[in-house]
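Letter 185 of the sequence shown, counting from 1, is numbered 186 in our numbering, and no numbers are missing. A virtual CB, placed ideally from N, CA and C, is assigned to each residue, including glycine. Fair warning: this is a prediction, and the values are worked out from it, not measured in the lab.
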Amino acid sequence: YSYFSCVRKNKVTAYQVSCGRLQKFKLTTTMMIAITGNVNHSLDRNLLRMNMTGKNEMISTLCILGNSLSLVSIIFTFITHSLFTSNFSFSTINALNFLGCAFLQHFLLVCGNENFEDISVYVVISLILQYLRLSMLFWLTNMAYNIYLSLNQVLSLLAHGNEVQISFWKSSLIGWGAPLVILACGTALSDSSELYKVKDKYLWCYLSPELTLYTLVIPYLIVLITNVYLVIYSWTQSLYAIHIQTDRKSQQKIMTWRNRKTKVHIKLWLIETAMVSLNTISSLVDINLWIYTCVIYSSLKGLLISCSLVCNCHTFNLYAENLKRKKYLKTNYGVTNSAKKTFSLQALALNESPDCL
Numbered sequence: 002y003s004y005f006s007c008v009r010k011n012k013v014t015a016y017q018v019s020c021g022r023l024q025k026f027k028l029t030t031t032m033m034i035a036i037t038g039n040v041n042h043s044l045d046r047n048l049l050r051m052n053m054t055g056k057n058e059m060i061s062t063l064c065i066l067g068n069s070l071s072l073v074s075i076i077f078t079f080i081t082h083s084l085f086t087s088n089f090s091f092s093t094i095n096a097l098n099f100l101g102c103a104f105l106q107h108f109l110l111v112c113g114n115e116n117f118e119d120i121s122v123y124v125v126i127s128l129i130l131q132y133l134r135l136s137m138l139f140w141l142t143n144m145a146y147n148i149y150l151s152l153n154q155v156l157s158l159l160a161h162g163n164e165v166q167i168s169f170w171k172s173s174l175i176g177w178g179a180p181l182v183i184l185a186c187g188t189a190l191s192d193s194s195e196l197y198k199v200k201d202k203y204l205w206c207y208l209s210p211e212l213t214l215y216t217l218v219i220p221y222l223i224v225l226i227t228n229v230y231l232v233i234y235s236w237t238q239s240l241y242a243i244h245i246q247t248d249r250k251s252q253q254k255i256m257t258w259r260n261r262k263t264k265v266h267i268k269l270w271l272i273e274t275a276m277v278s279l280n281t282i283s284s285l286v287d288i289n290l291w292i293y294t295c296v297i298y299s300s301l302k303g304l305l306i307s308c309s310l311v312c313n314c315h316t317f318n319l320y321a322e323n324l325k326r327k328k329y330l331k332t333n334y335g336v337t338n339s340a341k342k343t344f345s346l347q348a349l350a351l352n353e354s355p356d357c358l
């Protein structure tokens with residue numbers, strides 16, 4: 002009786018009192034579930050972060066090892082071209098500049114594995130890497146133009162003058178200046194705010210999709226069409242150059258030079274095509290598998306370039322000759338077959354090459 006009298010005085014029914022207790026129970030239960038869910042969510046997020054950190058450390062280790070191996074192989078190739086080919090030829094100048102771009106690219110890839118707090122550092126590294134990738138494409142174009150120019154000189158029967166110095170300045174403007182202009186124009190056309198949208202440590206291997214389209218995909222297609230035209234036109238010119246030679250030895254020399262140059266050029270273009278494809282896919286598709294594949298391939302690209310330039314010419318026999326000198330001595334009837342392979346690197350030079358080391 003006292004309870005109902007208190008309820009009547011407060012004008013609250015027993016039903017409303019029971020409803021209020023039920024709401025308090027529901028609120029308490031909801032708060033407990035929310036707290037438990039937040040704890041579980043934070044634990045899952047920390048575990049995911051630890052797993053991603055472990056993967057990043059593993060990829061960093063593989064990237065550093067691959068880039069170190071590529072740097073050593075590029076230095077080996079650089080020394081080989083400096084010792085066993087003429088440094089005053091246009092083809093050697095193009096090859097050394099191409100190797101210089103690859104060396105700088107791998108050096109920056111090693112530097113990019115560091116943990117920088119400022120995100121603008123990754124943007125600067127990405128822009129420089131993009132510039133070096135474009136430079137490598139344009140130096141490949143200079144190589145294709147060198148094939149065309151050499152065969153044109155054979156057809157026109159012109160003497161070699163100071164064209165090396167003139168060609169050096171022209172090729173330097175194309176190889177180093179044109180990528181800088183393209184990168185500046187592409188950066189100006191794209192949105193500058195997109196450069197700073199870097200979500201992961203390894204996203205410095207590419208830039209935004211819009212900037213990648215302007216500074217890599219479109220220039221690559223233009224340069225590819227130019228190279229295909231130069232190689233096909235040079236191949237047709239080589240047929241005329243072989244036909245006008247009087248002796249069979251000169252014909253065989255031009256054929257060997259043409260075949261070796263074309264094979265090396267195609268191998269290098271396949272390597273660069275894979276690099277451009279992986280960069281484009283990584284920028285368009287935000288999947289960790291493509292990103293890690295792009296990073297690992299970028300670290301091993303220098304090794305593939307060195308194998309294409311050096312192993313194609315049996316250059317390892319030149320270094321093995323000092324260890325096995327007794328087996329490669331000249332006989333009274335000429336040079337053995339094993340010793341003939343040591344001169345195969347000189348076949349890349351159409352003109353007379355200097356004496357072997």
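Should residue 133 and residue 154 be called a contact, given that it needs their Cβ atoms to be closer than 7 Å? no
Residue 47: buried (16+ other C-beta within 10 angstroms of its C-beta) or exposed? Residue placement at residue 47 is flagged as unreliable, the pLDDT there being 42, under the threshold of 50; the coordinate-derived value follows with that caveat. Residue 47 should be labelled exposed.
Distance CB(residue 307)-CB(residue 93) smaller than 7 Å: no
Which word fits residue 83, buried or exposed, when buried means at least 16 other C-beta atoms lie within 10 angstroms of its C-beta? exposed
If you reduce the DSSP assignment to three classes, tell me which class residue 117 lands in. coil
Quick one: using the 10 Å Cβ neighbour count with 16 as the cut-off for buried, is residue 258 buried or exposed? buried
I'd like to know whether the C-beta atoms of residue 113 and residue 300 end up nearer to each other than 7 Å. no
Evaluate contact between the stretch 247-265 and the stretch 226-239, counting only Cβ atoms and requiring at least three cross-stretch pairs below 8 Å. Short answer: they touch.
Mark residue 219 as exposed unless 16 or more other C-beta atoms lie within 10 angstroms of its C-beta, in which case mark it buried. Exposed: under 16 other Cβ atoms inside 10 Å.
Contact set for residue 291: own chain, Cβ-Cβ below 8 Å, skip 5 residues either direction: 279, 282, 283
Delimiting residues of the alpha helix (DSSP H) encompassing residue 274: Residue 274 -> alpha helix (DSSP H) spans 249-285.
For residue 108, tell me which candidate among 302, 309, 276, 287 has the shortest Cα-Cα distance. 302
Residue 100 burial status per 10 Å Cβ neighbour count (16 or more: buried): So residue 100 counts as buried.
Just to confirm, are residue 127 and residue 208 a CB contact at a threshold of 7 Å? yes
Please classify residue 288: does DSSP put it in a helix, a strand, or coil? coil
Minimum C-alpha distance to residue 139 - residue among 223, 152, 63: 223
Does residue 52 come out as helix, strand or coil in the three-state DSSP assignment? Note that residue 52 scores a pLDDT of 42, beneath 50, so its modelled location is shaky; the value from the coordinates is reported in the next line. It is helical.
Buried versus exposed, by CB contacts within 10 Å (16 or more), residue 170: exposed
Cα separation between residue 86 and residue 175? Cα to Cα, the separation comes out at about 23 Å.
Thinking C-beta only, is residue 241 closer than 7 Å to residue 60? No.
Going by DSSP in three states, residue 245 sits in which element: helix, strand or coil? coil
What whole-angstrom Cβ distance do residue 187 and residue 212 have, given they're in contact under 8 Å? 6 Å
Quick one, are the C-beta atoms of residue 104 and residue 75 less than 7 Å apart? yes
Is it right to say residue 189 is buried, meaning 16 or more other beta carbons lie within 10 angstroms of its own, or is it exposed? exposed
Between 191, 115, 97, which has its C-alpha nearest residue 64's C-alpha? With distances taken between Cα atoms, residue 64 lies closest to 115.
Is any heavy atom of the ligand COA found at a distance shorter than 6 Å from the C-beta of residue 135? This structure lacks the ligand COA, and indeed carries no ligand of any kind.
Does the beta-carbon distance from residue 141 to residue 225 come in below 7 Å? no
Continuous alpha helix (DSSP H) stretch holding residue 394: start and end: Nothing about residue 394 can be reported from this structure: the residues present for the chain run from 2 to 358 only.
What do you reckon, are the CB atoms on residue 215 and residue 191 nearer than 7 Å? yes
Round the Cβ separation of residue 239 and residue 152 to the nearest angstrom and send it over; I've been treating them as touching at under 8 Å. The C-beta distance from residue 239 to residue 152 rounds to 5 Å, short enough to meet the 8 Å contact threshold.
Would you tell me roughly how many angstroms separate the C-alpha atoms of residue 62 and residue 289, rounded to the nearest one? Rounded to the nearest angstrom, the two C-alpha atoms are 17 Å apart.
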